[in-house]
Structure formats: structure tokens, C-alpha cells
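K.L.:
Okay, so the sequence shown: first residue is 19 according to the numbering used here, each after it adds one.
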Amino acid sequence: MTTGLANNTDASAAAALPLFYRKPVVLHSEAHAGWRLKDGDTAFAARTPYVPIVLGEIGEASRSYPVVFAGETLLPVVILGLSEGENLFVEERTWDREHYVPAYVRRYPFGFVSIPGSDRFALALDTASERVVREGAEGVPLFEEGGPSPLTRQALQFCEAYQAEFVGTKSFVAALREHDLLIDKRADATLADGRRYALDGFQVVDPDRFRDLDQTTVVDWHRKGWLSLVNLHLASLGRLSTLMERQLGHVAQAK
Numbered sequence: 019m020t021t022g023l024a025n026n027t028d029a030s031a032a033a034a035l036p037l038f039y040r041k042p043v044v045l046h047s048e049a050h051a052g053w054r055l056k057d058g059d060t061a062f063a064a065r066t067p068y069v070p071i072v073l074g075e076i077g078e079a080s081r082s083y084p085v086v087f088a089g090e091t092l093l094p095v096v097i098l099g100l101s102e103g104e105n106l107f108v109e110e111r112t113w114d115r116e117h118y119v120p121a122y123v124r125r126y127p128f129g130f131v132s133i134p135g136s137d138r139f140a141l142a143l144d145t146a147s148e149r150v151v152r153e154g155a156e157g158v159p160l161f162e163e164g165g166p167s168p169l170t171r172q173a174l175q176f177c178e179a180y181q182a183e184f185v186g187t188k189s190f191v192a193a194l195r196e197h198d199l200l201i202d203k204r205a206d207a208t209l210a211d212g213r214r215y216a217l218d219g220f221q222v223v224d225p226d227r228f229r230d231l232d233q234t235t236v237v238d239w240h241r242k243g244w245l246s247l248v249n250l251h252l253a254s255l256g257r258l259s260t261l262m263e264r265q266l267g268h269v270a271q272a273k
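1) On the premise that A253 lies in contact with S47, defined as a C-beta separation below 8 Å, what is that separation, rounded to the nearest angstrom?
2) Would you mind stating whether A88 and G219 have Cβ atoms separated by less than 8 Å?
3) Roughly how many whole angstroms lie between the Cα atoms of L217 and D206?
4) Could you say which of S82, D144, H117, Y68 lies nearest to L55 if we only look at CA atoms?
5) Less than 8 Å between the C-beta atoms of V69 and V96, yes or no?
6) Sorted by chain position, which residues of the same chain lie with C-beta nearer than 7 Å to G286's C-beta, five sequence neighbours on each side aside?
7) Once DSSP output is grouped into helix, strand and coil, what is the label at S132?
8) Using 8 Å for Cβ pairs, my map puts I71 next to P94. What's the rounded Cβ distance?
9) Between P134 and G99, is the Cβ-Cβ spacing less than 8 Å?
10) Quick one: is Q175 buried, meaning 16 or more other Cβ sit within 10 Å of its Cβ, or exposed?
11) Where does Y215 sit, in a helix, a strand or coil, going by DSSP?
12) Would you kindly check if the distance between the Cβ of S147 and the Cβ of P127 is under 8 Å?
13) Is it true that the CB of Y39 sits closer than 8 Å to the CB of G103?
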């Protein structure tokens, strides 16, 4: 059984929609005046074996998942499963409470969309989410008295912070690529029952090339906090074995 992270990521890009989002619409105080949002869970993420993360999350995420680089842009992602359509950290519609929930998951069904002809973004909502309420009194209002409700303002602030981290993440990855530190990686495992798994289509930092960085770059990256992030990424690769064990547990439960 093979899971290719690069292929999965590119498939999302080819569909012109980000992961999870099916019908994102820019929120408008008049068009969506009566809309509300009810409580939900993370069932929408139950069938994805990876999720993108941003720079500020690498520390926490690395404690729970392998952090690798995937897709055409080689942005960081966390590996959540070894099979297509399987997230080992979502059970009974709920994310495992003992593990970090990526910001990309927490912000859904909100998100940012770029405004054509500018470098600005607008707050959008995935109208395909089962949490969206178009009529009635269930849930929390998106707008109040012609303006954004506290819920919508909080979502806007969250998405603004995420976007700022995303810009920093792209700079970090650009530096890794500039110094030719990323190499292709593959993970193979055979479970006790003989079932085989292969994970490919991702890249990791080459430890030898990382150790050989010139002093000027080392000082610069230390000031930016990038050295520690690379070390956290490398340490997180040990979570691949933990992921294998988790997969084994799921196989045993399914019998």
C-alpha cells in the first residue's frame, strides 16, 4: 500500500481548491446577514493522511507527527496516516486529544482567499461545511447589526495570523532550497500481519548538508530561529516509527 504525499498535495492544487474546502465564498454582511455557524467536529479531516502546517507550529507538531516537506512548493506538512484516505488521529469524528491539532484544521470552515489584482485577502467560509446554518436560530451568528460578530472577528484575526506565518514559512522553505538541503525520502514498513506500507513523495533536510552550512548562514539562521526548526524537523522523523505502531493498533482494532 503506497501513499504519495506529493501526489496528494498536487491533486488539491490541480482542483484549484485548498484541502478540505469545496465551496468557499467570501463573507458579506448583507448576503450572509442571517447565516450562523453551529458547533462541529473534525470528521472533515478523517480521510486525509497529511495536513499543511506553518512555521510557528513546527515545534508543537513535531512532538506528535513526522514533519516533512511535500508538494510542488515543498511546504511543511505533518504525516497523519500511512494509507490513502486515512487519518490515524481522528476517531469517532474527534481528533485525538493527546495530540496537537494543526491550525489549518482549527481554522476550518473559515479561510482566506486572495483578492484579484491586489496582495490583499478576504475572509471566506466553506459553504459546503455541515456546520453552516443558512436559516433559523441554531448556532452562532456570523453578523450582528450589520457588522461582523465576535465569532467572525475572531476567525478574521486567526486567519490573519495564519497568513503572516504562511509568508514566513515560504521564506524558510526558500532558504532550505537555496542551500540545497532538501532530499527525497521514502519510508517503508511491514506490520506483524505481513501488511506492507510505503510512504513516498516527500522530502527532508539532509543532516550532512545541514552540518556543513557556512558560518554566515548559521549565524543568520540562528537569529531567525531557523536552526532550531530544522533540528525539530529532523527529530520529528523518529515519529515515523510511532506512526507505524499506531497503524498496527488500528489494524488490530479492525479485526
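Backbone N, C-alpha and C fix where the C-beta goes; we use that ideal spot for every residue, glycine too.
P.N.:
To lay it out plainly:
1) No, S47 and A253 are not in contact; Cβ-Cβ is about 46 Å, not under 8 Å.
2) yes
3) 6 Å
4) D144
5) yes
6) Since the first residue shown for the chain is 19 and the last is 273, residue 286 is missing from the structure and cannot be characterised.
7) strand
8) 5 Å
9) no
10) exposed
11) strand
12) yes
13) no
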